[in-house]
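Reading through the structure tokens given below for one structure.
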Amino acid sequence: MCGRYFQQRSSGDIARHFKVTGSITNLPPSFNRAPTQDGLVLRRHPETGARHLDALRWGLVPRWAKDPSGGARMINARSETVAEKPAFRDAFAKRRAIAVADGFYEWDQHTAKGAKQPFAIAMADGAPMPLAALWEGWRAPDGTILRSFTILTTVAVPELAGLHDRMPVILPPEAWDAWLGATPADDASLHALLKPYPRQGLAVWPVGARVGRVAEDDAGLIERDPLAQPPPGLDDPSPTFGD
Numbered sequence: 068m069c070g071r072y073f074q075q076r077s078s079g080d081i082a083r084h085f086k087v088t089g090s091i092t093n094l095p096p097s098f099n100r101a102p103t104q105d106g107l108v109l110r111r112h113p114e115t116g117a118r119h120l121d122a123l124r125w126g127l128v129p130r131w132a133k134d135p136s137g138g139a140r141m142i143n144a145r146s147e148t149v150a151e152k153p154a155f156r157d158a159f160a161k162r163r164a165i166a167v168a169d170g171f172y173e174w175d176q177h178t179a180k181g182a183k184q185p186f187a188i189a190m191a192d193g194a195p196m197p198l199a200a201l202w203e204g205w206r207a208p209d210g211t212i213l214r215s216f217t218i219l220t221t222v223a224v225p226e227l228a229g230l231h232d233r234m235p236v237i238l239p240p241e242a243w244d245a246w247l248g249a250t251p252a253d254d255a256s257l258h259a260l261l262k263p264y265p266r267q268g269l270a271v272w273p274v275g276a277r278v279g280r281v282a283e284d285d286a287g288l289i290e291r292d293p294l295a296q297p298p299p300g301l302d303d304p305s306p307t308f309g310d
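Residue numbering for the sequence shown follows the numbering used here, beginning at 68 and increasing consecutively.
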């Protein structure tokens, strides 16, 4: 699952990393991005092929929805059924995207009730984390367009299953063109991209409980919790986030 993530880089840094050639939306960094908030999403223009980086609302609102309220429940889509579910299948076929994060948060499900230990999970090399996503445009009665997105999930690698049995789909660079539609790919090829990311490519470390409060949003949220006693294998060195 992915219910909270962080973006510590600027829009400009992210645009350079993903070689964005179109317009860039300046969305300030956030260390505690939550559902219904805007997040940076990489999309490919179907006619020009240019990569665009835009701010879309997290929580997909299907085109046929009567109102946008249900989007808060559609922050994630299961990769195994995304091509079949009415809310996602059209977007899977036509509107695939990459949600850009620097990492996400997960809570240890095996701790005592009411005291679950939060963890930050990022790329081990400190690179931006490209999450498989879908986007949609919903037209309001007044004619305005709400563009929203959802993050795809898959089964968690065994080493992270103690935190949650699901994890977001992280796309390696060689998968970006196919996922964004720059190169042809059938359904089978696309589903083959939606697999768990290897544990050795990730850094996992315990963080403080403040991250559980949406109102908290500062760089201290991704700092290691010195009082935490995480299970073996879930206490990697924090990565250095470069450009």
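Even glycine gets a Cβ: it sits at the ideal position worked out from N, Cα and C.
Quantities reported herein were computed from a predicted structural model and do not represent experimental measurements.
Classification of Glu173 by the beta-carbon crowding that lies within 10 angstroms, buried from 16 upward: buried
Limits of the alpha helix (DSSP H) - the one that Ala101 falls within: No alpha helix (DSSP H) holds Ala101; DSSP gives it neither H nor E.
Any beta strand (DSSP E) of 3 or more consecutive residues that is wholly inside the segment 141-211: 143-145, 163-168, 170-174, 185-190, 196-206
Cα-Cα separation between Gln75 and Ala282, rounded to whole angstroms: 16 Å
Nearest-angstrom Cα separation, counted from Asn143 out to Arg162: 15 Å
Buried versus exposed call for Leu201 [16 or more other C-beta atoms within 10 Å across all chains shown]: buried
Bounding residues of the beta strand (DSSP E) (the contiguous stretch that carries Trp10): This structure cannot speak to residue 10, because the chain is shown only from 68 to 310.
Selected residue, minimal CA-CA separation from Asp175, among Gly279, Gly193, Ser90: Gly279
Cα-Cα separation, Ser136 to Leu127: 10 Å
Residue range of the unbroken alpha helix (DSSP H) whose run includes Leu260: 254-260
Min CB distance Phe171 to chain B below 8 Å: Absent here is chain B; the protein component of the structure consists of one chain.
Contacts around Glu226, its chain only, beta-carbon distance under 7 Å, and the 5 residues preceding and following it disregarded: Arg266, Gly300
Per DSSP, the bridge partner or partners of Asp121: Val108
The segment 76-84 touching the segment 187-197, judged by at least three CB pairs closer than 8 Å: yes
Reduced DSSP category for Ser215 - H, G, I as helix; E, B as strand; rest coil: strand
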